[in-house]
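Chemist: Let me begin by handing over the structure; questions about it come next.
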Amino acid sequence: MMSMNSKQPHFAMHPTLPEHKYPSLHSSSEAIRRACLPTPPNLFASLDETLLARAEALAAVDIAVSQGKSHPFKPDATYHTMNSVPCTSTSTVPLAHHHHHHHHHQALEPGDLLDQVSSPSLALMAGAVVEDCWAARRTLTGTCTAWGHLSHPAAAAAHEHAVRASPAVVGAAGLASICDSDTDPRELEAFAERFKQRRIKLGVTQADVGSALANLKIPGVGSLSQSTICRFESLTLSHNNMIALKPILQAWLEEAEGAQREKMNKPELFNGGEKKRKRTSIAAPEKRSLEAYFAVQPRPSSEKIAAIAEKLDLKKNVVRVWFCNQRQKQKRMKFSATY
DNA sequence: ATGCATGAGCT
DNA sequence: GCTCATGCATA
Numbered sequence: 001m002m003s004m005n006s007k008q009p010h011f012a013m014h015p016t017l018p019e020h021k022y023p024s025l026h027s028s029s030e031a032i033r034r035a036c037l038p039t040p041p042n043l044f045a046s047l048d049e050t051l052l053a054r055a056e057a058l059a060a061v062d063i064a065v066s067q068g069k070s071h072p073f074k075p076d077a078t079y080h081t082m083n084s085v086p087c088t089s090t091s092t093v094p095l096a097h098h099h100h101h102h103h104h105h106q107a108l109e110p111g112d113l114l115d116q117v118s119s120p121s122l123a124l125m126a127g128a129v130v131e132d133c134w135a136a137r138r139t140l141t142g143t144c145t146a147w148g149h150l151s152h153p154a155a156a157a158a159h160e161h162a163v164r165a166s167p168a169v170v171g172a173a174g175l176a177s178i179c180d181s182d183t184d185p186r187e188l189e190a191f192a193e194r195f196k197q198r199r200i201k202l203g204v205t206q207a208d209v210g211s212a213l214a215n216l217k218i219p220g221v222g223s224l225s226q227s228t229i230c231r232f233e234s235l236t237l238s239h240n241n242m243i244a245l246k247p248i249l250q251a252w253l254e255e256a257e258g259a260q261r262e263k264m265n266k267p268e269l270f271n272g273g274e275k276k277r278k279r280t281s282i283a284a285p286e287k288r289s290l291e292a293y294f295a296v297q298p299r300p301s302s303e304k305i306a307a308i309a310e311k312l313d314l315k316k317n318v319v320r321v322w323f324c325n326q327r328q329k330q331k332r333m334k335f336s337a338t339y
């Protein structure tokens with residue numbers, strides 16, 4: 001039996017299709033989603049003293065800095081270096097992109113922040129409504145009508161995007177039309193697990209799946225990385241991302257199982273070496289400070305980011321990206337409050 | 001499996 | 001400059 005092939009160094013991406021990126025009408029689902037995320041009724045109770053102390057310490061610095069604004073910040077001389085390889089050429093999945101919404105508070109001081117964050121009311125209510133939608137849909141699993149009477153334009157829009165997410169894929173794969181079952185978190189979770197199980201049974205690694213996707217020749221679908229396959233299986237992707245990837249992975253699975261029945265699989269990879277990129281590693285103490293600040297203000301202004309960066313002796317860009325990634329993390333299925 | 005990063009698309 | 005989908009590098 002072929003045991004898990006060891007992973008390839010990396011896979012070649014095929015810029016084959018100049019692919020359009022997903023279209024995206026924007027709704028305010030972002031605001032709603034954000035509202036129902038981690039908004040504990042009593043922030044004070046959930047933040048331990050250490051965190052608050054750190055956050056406050058940082059905030060203090062930020063105030064001092066903004067007043068005596070004497071230092072320019074480090075020009076974020078980032079060190080990536082994907083020379084000739086346009087690393088993002090990976091043909092994309094016609095995903096559903098969506099929403100954005102303005103952010104209300106940004107240039108607030110720590111005090112204001114706490115006040116604001118600790119105020120339950122609106123945000124929580126919005127979150128409750130959204131959760132209800134999903135909960136309702138879950139109980140209606142099996143039908144395609146749940147979204148029909150959604151009262152939230154944002155949610156409706158999200159669904160619309162999900163539906164038109166990958167028409168070609170769906171058609172080519174001969175999969176059922178994307179209905180409620182395809183957006184149901186429970187179904188998604190179940191599929192992810194089935195997928196992993198069957199994938200392992202086929203003796204294929206996550207990396208193999210990723211590169212094999214390109215062989216499916218589905219318009220607009222190229223290869224994916226081991227990371228993405230892994231995240232799909234572990235549900236550490238956004239809900240919409242899961243919805244978009246499901247049909248594709250399902251198509252691959254059926255294809256692979258069918259192909260194995262007759263012969264053997266025939267993957268195809270190769271690669272050339274380029275300059276390596278170095279990964280910044282934020283030390284534990286700094287990370288703790290960032291987390292503390294994030295708990296109080298997940299969306300610091302550019303100025304605050306600069307201040308924090310200086311305080312922690314990190315590049316501003318590193319700090320900015322850290323916050324971006326942190327925000328994304330919150331939205332992953334596994335940690336989503338709507339789930 | 002996950003941390004830090006890039007780039008597209010949008011505001 | 002943000003969000004989102006994704007990826008390389010690494011623990």
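Quick note: the first sequence uses the UniProt record's numbering, first residue 1, plus one each step.
We put the CB at the ideal spot given by N, CA and C, even for glycine.
1) Evaluate Ile-200 with the Cβ neighbour count: other Cβ atoms within 10 Å of its Cβ, from every protein chain shown; 16 or more gives buried, anything less gives exposed.
2) Whose CA, out of Phe-323, Lys-278, Glu-193, Arg-277, lies closest to the CA of Tyr-293?
3) Does Arg-277 come out as helix, strand or coil in the three-state DSSP assignment?
4) Below 6 Å CB to CB, which residues in the same chain sit around Leu-122 once its five sequence neighbours on both sides are set aside?
5) Less than 8 Å between the beta carbons of Leu-235 and Met-242, yes or no?
6) With distance defined between alpha-carbon atoms, name the residue in Leu-224, Asn-317, Glu-262, Lys-196 nearest to Thr-280.
7) Within 10 angstroms of its Cβ, does Asn-325 collect 16 or more other Cβ (buried), or is it exposed?
8) Given this structure, state the Cα-to-Cα distance separating His-336 from Val-209, to the nearest angstrom.
9) When burial is assigned at 16 or more other CB atoms within 10 Å of the CB, is Pro-285 buried or exposed?
10) Roughly how many whole angstroms lie between the Cα atoms of Glu-291 and Arg-327?
11) Quick check on Pro-298: does DSSP put it in helix, strand or coil?
12) Going by the CB atoms, is the gap between Leu-213 and Val-204 shorter than 8 Å?
13) The ligand FMN and Ser-302: does the residue's C-beta get closer than 7 Å to at least one heavy atom of that ligand?
14) Using the beta-carbon count (16 or more within 10 Å), is Lys-315 buried or exposed?
15) Between which residues of its own chain and Phe-195 is the CB-CB distance below 7 Å, once the five residues before and five after are set aside?
16) Return the Cβ separation of Leu-216 and Ala-251 in integer angstroms, given the expectation that the two are a contact with Cβ distance under 8 Å.
17) I'd like the span of the alpha helix (DSSP H) that includes Asn-325, first residue to last.
18) What three-state label does DSSP hand Ala-283 in the structure shown?
19) Mapping DSSP to helix, strand and coil, what is Pro-38?
20) Go to Thr-236, then tell me how far its alpha helix (DSSP H) extends in each direction, as first and last residue.
21) Buried or exposed, going by whether 16 or more other CB atoms sit within 10 Å of the CB of Gln-297?
22) Pick out whichever of Pro-247, Gln-206, Glu-262 has its Cα sitting closest to the Cα of Leu-224.
23) Quick one: what does DSSP say Asp-313 is sitting in, helix, strand or coil?
24) Mark Arg-231 as exposed unless 16 or more other C-beta atoms lie within 10 angstroms of its C-beta, in which case mark it buried.
Modeler: The structure says:
1) Numbered from its first residue, the first sequence carries residue 200 at position 200. Exposed.
2) If you number the first sequence from 1, residue 293 lands on position 293. Tyr-293 has its Cα closest to that of Phe-323, out of Phe-323, Lys-278, Glu-193, Arg-277.
3) One-based indexing of the first sequence puts residue 277 at position 277. It is coil, neither helix nor strand.
4) Position 122 of the first sequence holds residue 122. Legend: pLDDT at Leu-122 = 34, less than 50; position of this residue unreliable, value from coordinates given subsequently. Counting only Cβ-Cβ distances below 6 Å, and skipping sequence neighbours, we find nothing.
5) Here the question's residue 235 lines up with position 235 in the first sequence. Here the question's residue 242 lines up with position 242 in the first sequence. A contact, by the Cβ cut-off of 8 Å.
6) On the first sequence, residue 280 is found 280 positions in, with the first residue counted as 1. Measuring from the Cα of Thr-280, the nearest candidate turns out to be Asn-317.
7) For the purposes of this step, residue 325 is taken as residue 325 along the first sequence, with counting starting at 1. Asn-325 is exposed by the Cβ-count criterion.
8) Working through the first sequence from its first residue, we reach residue 336 at position 336. Working through the first sequence from its first residue, we reach residue 209 at position 209. In the sequence on display, residue 336 carries Ser and not His. The alpha-carbon atoms of Ser-336 and Val-209 are separated by roughly 26 Å.
9) The residue given as residue 285 occupies position 285 in the first sequence. The residue is exposed, with fewer than 16 neighbouring Cβ atoms inside 10 Å.
10) Against the first sequence, residue 291 aligns to sequence position 291. Against the first sequence, residue 327 aligns to sequence position 327. Roughly 11 Å separates the two Cα atoms.
11) Residue 298 sits at position 298 when you count from the first residue of the first sequence. If DSSP states are grouped into helix, strand and coil, Pro-298 belongs with coil.
12) Locating residue 204 in the first sequence gives position 204, where the first residue counts as 1. Locating residue 213 in the first sequence gives position 213, where the first residue counts as 1. The answer is no: Cβ separation not under 8 Å.
13) Absent from the structure shown: the ligand FMN. Ligands present: none.
14) To locate residue 315, count along the first sequence from 1; it is residue 315. That one is buried.
15) Here residue 195 refers to the residue found at position 195 of the first sequence. Contacts found: Glu-233, Leu-249, Leu-253.
16) Here the question's residue 216 lines up with position 216 in the first sequence. Here the question's residue 251 lines up with position 251 in the first sequence. 6 Å between Cβ atoms; contact.
17) Taking the first sequence and counting its residues from 1, the one referred to as residue 325 is at position 325. Its alpha helix (DSSP H) spans residues 316-331.
18) Within the first sequence, numbered from 1, the residue matching residue 283 stands at position 283. Note: Ala-283 maps to coil in three-state DSSP.
19) Start at 1 with the first residue of the first sequence, and residue 38 comes out as number 38. Low per-residue confidence applies at Pro-38: pLDDT is 39, beneath 50, and the placement is therefore not dependable enough to give any value.
20) The sequence position of residue 236 within the first sequence is 236, counting from 1. No alpha helix (DSSP H) contains Thr-236, which DSSP labels as neither H nor E.
21) As a working mapping, residue 297 is identified with position 297 in the first sequence. Classification for Gln-297: buried.
22) The sequence position of residue 224 within the first sequence is 224, counting from 1. The shortest Cα separation from Leu-224 among Pro-247, Gln-206, Glu-262 belongs to Gln-206.
23) Position 313 of the first sequence, counting from 1, holds the residue named residue 313. Asp-313: coil per DSSP, three-state reduction.
24) The residue labelled residue 231 in the question sits at position 231 within the first sequence. By the neighbour-count rule (16 or more Cβ atoms within 10 Å), Arg-231 is buried.
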